[in-house]
Amino acid sequence: MSVKSPSEHENLFDSSYKRFSIILEELTNSYPLYKLNPTYSKFYNEYKKQCTQLKTVKDAIFLYKNNLQKDSVTLKDNVKDINAKITLLNDENKNLTDKLNNLQESDYAAGGELIDKKFLYNEFFTENVVLSIIVTCITGYLIKKYST
Numbered sequence: 028m029s030v031k032s033p034s035e036h037e038n039l040f041d042s043s044y045k046r047f048s049i050i051l052e053e054l055t056n057s058y059p060l061y062k063l064n065p066t067y068s069k070f071y072n073e074y075k076k077q078c079t080q081l082k083t084v085k086d087a088i089f090l091y092k093n094n095l096q097k098d099s100v101t102l103k104d105n106v107k108d109i110n111a112k113i114t115l116l117n118d119e120n121k122n123l124t125d126k127l128n129n130l131q132e133s134d135y136a137a138g139g140e141l142i143d144k145k146f147l148y149n150e151f152f153t154e155n156v157v158l159s160i161i162v163t164c165i166t167g168y169l170i171k172k173y174s175t
């Protein structure tokens, strides 16, 4: 069952209340004639017909009211479901945002660690080159000193 729009409900109620007012006015006009002449069948039939029409319109109004209440409950349930889904999505979005931030921070940390590793590598390499030059110079000096 689809939910009717507010304007559809409003149109149904407006037309029913207009019909109700018209029938009620006709009933108030025919009632005195019926009461004055209860044995005359034309007045009696007209009065009963308008009573029946009034009851039909009244039943229709109660039916519309019931449908409006059902639609309200349906909309309320739909809103609850949508709100629950939005809450779940917001929680999931928060978790994913936290994960993304952690990954970005770890990416920056990994980049910083790479820079640190390169610096340490260059420092050790420079120390080793300097140490190799010193060892070569000392070795050359010792060979020269003891070979002569």
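28 is the number of the first residue of the sequence shown in the numbering used here; add one for each residue after it.
Where a beta carbon is used, it is the ideal one built from N, C-alpha and C, also for glycine.
- Your pair S43 and I113 does not check out as a contact, with CB atoms roughly 37 Å apart and the cut at 8 Å.
- With distances taken between CA atoms, Q96 lies nearest to H36 out of H36, K121, E119, C164.
- The region 48 to 63 and the region 77 to 84 touch, with no fewer than 3 CB-CB distances between them shorter than 8 Å.
- A Cβ-Cβ contact shorter than 7 Å links F70 with L60.
- Under the three-state reduction of DSSP, S68 is assigned to helix.
- D86 and K62 have their C-alpha atoms spaced approximately 26 Å apart.
- Contact between K45 and D98 is absent: CB atoms are separated by about 22 Å, not below the 8 Å threshold.
- Here the alpha carbon of K103 sits roughly 46 Å from the alpha carbon of N72.
- When DSSP states are grouped into helix, strand and coil, S32 belongs to the coil group.
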